[in-house]
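Asker:
In the numbering used here, the protein residues as written are 1 to 212.
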């Protein structure tokens, strides 16, 4: 079934997902790290209320554990936080889900995949890098067939997503803060530093094709 969702509906879904992940991290006796936040694991009911699903990779940790121990990376390429691959970035924590949510949120806002190996220009291979320059220059988000208000919603979602996908875990907000940012005014949001795909700040078309 092909259902067209308005930006207001997409925005409300994104807040619902953020609240759900925030509850997993901060609302239970144990913190639950999902490790596989991605579009396929977000289910919608008949009222388009989102439910976070598929806890096959999830782990339970004491609520006061800021850093957790992992023996192997887990998740889906394209949504996995860099610290799962590079141990010099920072420890593994609830911020891995924040990163994954940021990648999900970026795709919801732009209505396209973040990694596009078939883009004509290298700057468009990785959508977050391409859109960042538009946001920084205070240009409108280049999305077709949207109203001015919808463009504003998309821009807010993208700014929040850019914060979520910061390279270092400590630079990312908590999911509670993400909810506040999404529910707040766009004028209150600062533009984050430019996102980096890999710690060496380089990405090739071959790398993106191999990871997509």
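The C-beta atom is built at its ideal place from N, Cα and C for all residues, glycine as well.
What residue range does the alpha helix (DSSP H) around residue 158 cover?
Answerer: One-based indexing of the chain shown puts residue 158 at position 158. 148-164 is the span of the alpha helix (DSSP H), which, as asked, contains residue 158.
Asker: I'd like to know whether the C-beta atoms of residue 83 and residue 68 end up nearer to each other than 8 Å.
Answerer: On the chain shown, residue 83 is found 83 positions in, with the first residue counted as 1. On the chain shown, residue 68 is found 68 positions in, with the first residue counted as 1. Against a cut-off of 8 Å, the Cβ pair of residue 68 and residue 83 comes out as no contact.
Asker: Classify residue 86 as helix, strand or coil using the three-state DSSP reduction.
Answerer: Stepping through the chain shown from its first residue, residue 86 is reached at position 86. Of the three classes helix, strand and coil, the one that applies to residue 86 here is coil, per DSSP.
Asker: Hey, residue 164 and residue 61: beta-carbon distance below 8 Å or not?
Answerer: Position 164 of the chain shown holds residue 164. Position 61 of the chain shown holds residue 61. The answer is no: Cβ separation not under 8 Å.
Asker: Flag residue 176 as yes if its beta-carbon sits less than 8 Å from any beta-carbon of chain B, otherwise no.
Answerer: No chain B appears in this structure, which consists of one protein chain only.
Asker: Just the Cα atoms here: how many angstroms apart are residue 192 and residue 88?
Answerer: Taking the first residue of the chain shown as 1, we reach residue 192 at position 192. Taking the first residue of the chain shown as 1, we reach residue 88 at position 88. Cα-Cα distance, rounded: 21 Å.
Asker: Quick one: any contact between the region 50-66 and the region 16-23, if contact means 3 or more CB pairs under 8 Å?
Answerer: A contact between stretches requires three or more CB pairs, one per stretch, nearer than 8 Å, and the region 50-66 meets this requirement with the region 16-23.
Asker: In terms of residues, what are the limits of the alpha helix (DSSP H) holding residue 167?
Answerer: Counting from one through the chain shown, the residue named residue 167 turns up at place 167. Residue 167 -> no alpha helix (DSSP H), and no H or E assigned at all.
Asker: Let's test the definition: count the other Cβ atoms within 10 Å of the Cβ of residue 79 and tell me whether it reaches 16, buried, or not, exposed.
Answerer: Translated into positions along the chain shown, residue 79 becomes position 79. With 16 or more other Cβ atoms within 10 Å, it is buried.
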